[in-house]
Amino acid sequence: MTPVGMTSFDDVYALPDPRGYFTALGPYEYQTPGHAQPVFRALAAELGPGRRTVLDVCCSYGINSALLNHDVTLDELFAHYTSARAAELTTAELADRDRDFYAVRRRPDATRAIGIDVSRPALDYALAVGLLDEGHCVDLEHTEPEERLRGSLAGTGLITVTGGTSFLTERTFARLFTAIGHPVPVAAFVLRTHDYGAISGCLESYGLTVERAATTQPQRRFTDPREQERAVATVTAFGEDPAGKESAGYFHTRLHLAR
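Numbering-wise, our numbering comes out as the position in the sequence shown, counting from 1, plus 8.
Now the structure itself:
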């Protein structure tokens, strides 16, 4: 469910491949996975033996894993999936093309990648082209992790989130930590229109310290003036200054790093 005050892009996550996702978000200059890429890579590089698994929550088509484990940029992915050549292909043909596309760009320091999402089609595509080692279609807001997921999470050393915190509460993270068996770092890019306080409190209750970055990054352009007006009003109510950020036409995110 889309947060109140935001335009819904829910439909693009139910498609059999990522072309609709990139086509829909491109005009609004969606940027967050690109900003997250160097952060997630640096954190993954710190993972020790036995903890070389990155869990991406709300992973959709595996975009964060693509950027983490492959020599590719977000701009290149937009160009790749919105090209005239891509538009000519069936989903099966696109998947064949993508397996080669990602295989030749695979980084030697690639980590094991697990994805969690409520969209089965998005997960299936990410698995089919090799972006995820495992994918779990589950809503941890309302469901306890199944045995297969619990077993898969044992080697998790980092949890990443770019777009999901607006849809999640502390319940998801408490269930993940229970399944993993111990707290692990959580790197989340959080919209300034979202209150992350309850999730931060949950992470701190497990002994983590949540560091809130001083700077913010643009997430995407607003779709219309009403969406912008609501965002400006919300961040102002949170005590944030929208000048140069929401007032300039973009949602903004901030990195919250718990470790």
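Where is the CB? At the ideal position from N, CA and C, for every residue including glycine.
- Task: Let me know the secondary structure DSSP gives L216 once reduced to three states.
- Result: coil
Since A94 and R156 are thought to touch, with beta carbons under 8 Å apart, how far apart are those beta carbons, to the nearest angstrom? The pair is not a contact, with the Cβ atoms about 33 Å apart (cut-off 8 Å).
- C-alpha distance - D132 paired with G143, whole-angstrom precision: Approximately 8 Å between the Cα atoms of the pair.
Check: Cβ atoms of V192 and I170: under 8 Å apart, would you say?
Finding: Here residue 170 turns out to be Thr, not Ile, going by the sequence shown. No; because the gap between Cβ atoms is not below 8 Å, this pair is not in contact.
- request: Give a yes or no on contact between the segment 76-83 and the segment 118-129, applying the rule of three or more CB pairs nearer than 8 Å.
  value: yes
* To do: Please check the pair F230 and G247, which I expect to be a contact at CB under 8 Å, by giving their CB distance rounded to whole angstroms.
  => Not confirmed; about 21 Å, so no contact.
* With distances taken from CA atoms, which of Y89, T99 and E54 is nearest F30? -> Y89
Q: Output the boundary residues of the alpha helix (DSSP H) element that contains L43.
A: In the sequence under discussion, the amino acid at residue 43 is His, which differs from the Leu named in the question. Counting along the chain, the alpha helix (DSSP H) containing H43 begins and ends at T40 to A53.
**Q.** Closest by C-alpha distance to E84, when choosing among R113, D64 and V243
**A.** R113
(Q) Could you tell me which whole beta strand (DSSP E) segments of length 3 or greater appear in the segment 93-174? (A) 120-125, 142-145 and 164-169
* Asked: So what's Y258 in DSSP terms, helix, strand or just coil?
  -> strand
Out of curiosity, what's the CA-to-CA distance linking H150 and C210?
-> 17 Å
key: Short Cβ contact (8 Å threshold) for R234 with R262   = no
The alpha helix (DSSP H) with A251 in it runs from where to where? A251 -> no alpha helix (DSSP H), and no H or E assigned at all.
- request: Answer yes or no: do P226 and H260 have a C-beta to C-beta separation smaller than 8 Å?
  value: yes
Please report how far the alpha carbon of E37 lies from the alpha carbon of A245, in whole angstroms.
26 Å
(request) Please name the residue, chosen from V243, A196, R267 and V240, that lies closest to S213 on a Cα-to-Cα basis. (result) Per the C-alpha coordinates, the member of V243, A196, R267 and V240 positioned closest to S213 is R267.
I need the straight-line Cα distance from P35 to G70, nearest angstrom please.
21 Å
Where does the unbroken beta strand (DSSP E) through R228 begin, and where does it stop? Q225 to R229
query: Per DSSP, V62 forms a beta bridge with which residues?
result: A121 and L166
H88 in three-state terms, based on DSSP
helix
Cβ-Cβ distance between V218 and H264 below 8 Å:
yes
- Query: Relative to the alpha-carbon of A187, which residue among L82, P46, P153 and I122 has its alpha-carbon at the smallest distance?
  - Reply: P153
Original post:
Exposed or buried, which one is G123 when buried takes at least 16 other CB atoms within 10 Å?
Top reply: Burial call: buried.
Short Cβ contact (8 Å threshold) for I207 with T168:
No, the pair does not count as a contact, with Cβ atoms beyond the cut-off.
So what's V194 in DSSP terms, helix, strand or just coil?
strand
What separation, rounded to the nearest whole angstrom, lies between the Cα atoms of H43 and V146?
26 Å
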